[in-house]
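Worksheet: the structure to be examined is printed underneath.
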Amino acid sequence: MHISRVDLNLFIVFEAIYDEGSITRASQKMNLTQPAISHALGRLRELFGDPLFERRGHAMVPTPLARSIVDAVRQSLRGLELTLNGVDRFDPASARRRFTLALRAALEPSILPPLMARIAVAAPQVDLAVLQSERRTLESELAAGTLDAAIDVLLPLSADIAHTRIAADHTVVLARRGHPRAGTGLDLPTYLALEHILVSSRRRGPGLEDFELSRMGLQRRVRLRCQHYFAACRVVSQTDLVLAMPERYARVVNEQFGNQILASPLPLPAVDNHLYWHANVSHDPANIWLREQLLAVMLD
1 MHISRVDLNL FIVFEAIYDE GSITRASQKM NLTQPAISHA LGRLRELFGD
51 PLFERRGHAM VPTPLARSIV DAVRQSLRGL ELTLNGVDRF DPASARRRFT
101 LALRAALEPS ILPPLMARIA VAAPQVDLAV LQSERRTLES ELAAGTLDAA
151 IDVLLPLSAD IAHTRIAADH TVVLARRGHP RAGTGLDLPT YLALEHILVS
201 SRRRGPGLED FELSRMGLQR RVRLRCQHYF AACRVVSQTD LVLAMPERYA
251 RVVNEQFGNQ ILASPLPLPA VDNHLYWHAN VSHDPANIWL REQLLAVMLD
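Just so it is clear: in the sequence shown, position 13 is 13 by UniProt numbering, and no numbers are missing.
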C-alpha cells in the first residue's frame, strides 16, 4: 500500500494507545474524544488486519504485531517531528515540551535539583520525566524517541548512539561518627577487618570492590546486602558497619546522617558517567539545549 493512501495521524493514535494502555487516557493525551480514538483504532485494525490492542480489564494490551511495529512507528514519527521542527530554533522561554531522561537512581539526588532549578528559570513550560536506566533497551528507546537522552556508565552501544564523557565519580567509604576503628581514615587491613554493606539491585553476586579484592587475593565480609544507599547510610549511622559508595551520591544522601566520608583504601578506578543520545537528534535544537543543561550541572 502506498503511503499516500494512509492517514499518518492514525500512527500518532497508535503510539498514544500503546503508551497509555487505555483509550480514555489516549483521548485525554491527544485532546480528542473517546469515539474519535476508537474510530481511528478501527481504521488501524482494518489497515493491518490485526486487532493491535486487546482489552483486558481496564487495560488495552498490545498484540504481538503491535509490539513488533511500535519501535518503527516511533522512530518514523520522531523523524518527521525533527524534520518539521528543524527549520525553527528552539526557544526554551516559550517552548512547551516534555523531555524524557534515563538515569541511574544513584544519580538522581545530585543531578535533578540543580537541573530543575535551571529549567524552572530558563524554560517555565518545559517538563521532565526521569526513568530508570534499562541498559538492554536503552539503544532502541533512544532510536524510537521514547528517551531523549540518558546518563550511565560507558556501555557497548552501536555507532547510532552518540555519547560524551561528562564526569568521573570516585568511591568513598562511609563510617559512623565515633566509629571505634575508623578514626579519621582507613588502611586496607583495617578496612578488611570491618563488616560491610553492599548495595545492589541484583539478588546475588559481588560488587566492584569485591572484584578488585579478588584480584588481590583478598576478601571482605559483607554483613548486609540491600537495595538502596539511603537505607544503607542509615544503617551505617547506627552500627559499626561501613559502606563503599560513589562520592557524588554520598555527599547528598549522607547530609542528614552525618557519617564520616573517608577515602577508600582500595585502588579503585573512577567510574565515568557518559551522556547518551541518538545520532539522529545530534543537530536537533531542542535536544542540543537539553544536553547543554545536563552538561552544565554535571560539570559544575
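Ideal placement from N, C-alpha and C gives every residue a C-beta, glycine not left out.
Please identify the residue among the options whose C-alpha is closest to the C-alpha of residue i.
i    : options                  : result
G79  : L213, L8, V173 and N259  : L8
V172 : R165, Q260 and E20       : Q260
L57  : R225, S22, L131 and E209 : The displayed chain sequence assigns Gly, not Leu, to residue 57. If we check each option's Cα against that of G57, S22 comes out closest.
L198 : Q227, R97, E15 and L268  : Q227
L41  : P64, K29, E15 and Q28    : E15
A59  : V222, D284, A167 and T24 : T24
V252 : E81, A66, P92 and I111   : I111
L268 : A149, R89, D91 and M216  : M216
Is the separation between the beta-carbon of residue i and that of residue j shorter than 8 Å?
i    : j    : result
R220 : L213 : yes
H196 : L241 : yes
S201 : G207 : no
Q75  : A159 : no
N273 : I151 : yes
L266 : L174 : no
L52  : L44  : yes
V130 : L101 : yes
V236 : R176 : yes
L115 : L295 : no
L103 : S133 : yes
May I have the straight-line CA-CA distance separating residue i from residue j, to the nearest angstrom?
i           : j    : result
residue 304 : Y191 : The structure shown does not extend to residue 304, since the chain is modelled only from 1 through 300, so no value can be given for it.
P113        : N280 : 29 Å
T164        : E139 : 15 Å
C233        : E255 : 10 Å
P35         : A26  : 11 Å
F257        : L275 : 31 Å
F211        : A106 : 20 Å
I12         : A117 : 32 Å
M245        : G205 : 17 Å
L147        : A162 : 13 Å
G185        : H278 : 44 Å
M298        : P62  : 38 Å
E54         : M30  : 20 Å
D71         : T137 : 11 Å
Y249        : P109 : 7 Å
A120        : D284 : 21 Å
V222        : R97  : 45 Å
L77         : G145 : 9 Å
V271        : A95  : 35 Å
V73         : Y18  : 11 Å
G183        : Y229 : 22 Å
P170        : H179 : One point to set straight first is that residue 170 is His, not Pro, in the sequence displayed. So the alpha carbons of these two residues sit roughly 22 Å apart.
L194        : A123 : 49 Å
A149        : E20  : 21 Å
W289        : E247 : 28 Å
L47         : D91  : 38 Å
What are the residues that DSSP puts in a beta bridge with residue i?
i    : result
Q260 : A175
M60  : R55
L101 : V130 and A149
V222 : H196
Hey, is residue i's beta-carbon within less than 8 Å of any beta-carbon in chain C?
i    : result
I288 : Given the protein chain composition of this structure (a single chain), no chain C is represented.
Check whether the Cβ of residue i sits closer than 7 Å to any heavy atom of the ligand SAH, and report yes or no.
i    : result
T190 : With respect to small molecules bound, the structure shown includes none, and the ligand SAH cannot be examined in it.
Completely contained alpha helix (DSSP H) runs for the stretch 115-202, where each covers 4 or more residues: Complete alpha helix (DSSP H) runs here, min 4: 138-144 and 188-193.
Length-filtered (4 minimum) alpha helix (DSSP H) runs lying within the stretch 9-53: The alpha helix (DSSP H) runs lying completely inside the stretch 9-53 and spanning 4 residues or more are 9-20, 23-30 and 34-48, given in chain order.
Secondary structure, beta strand (DSSP E): runs of 3+ residues fully inside the stretch 232-298: Within the stretch 232-298, complete beta strand (DSSP E) segments of at least 3 residues are found at 242-246, 260-263 and 271-278, given in chain order.
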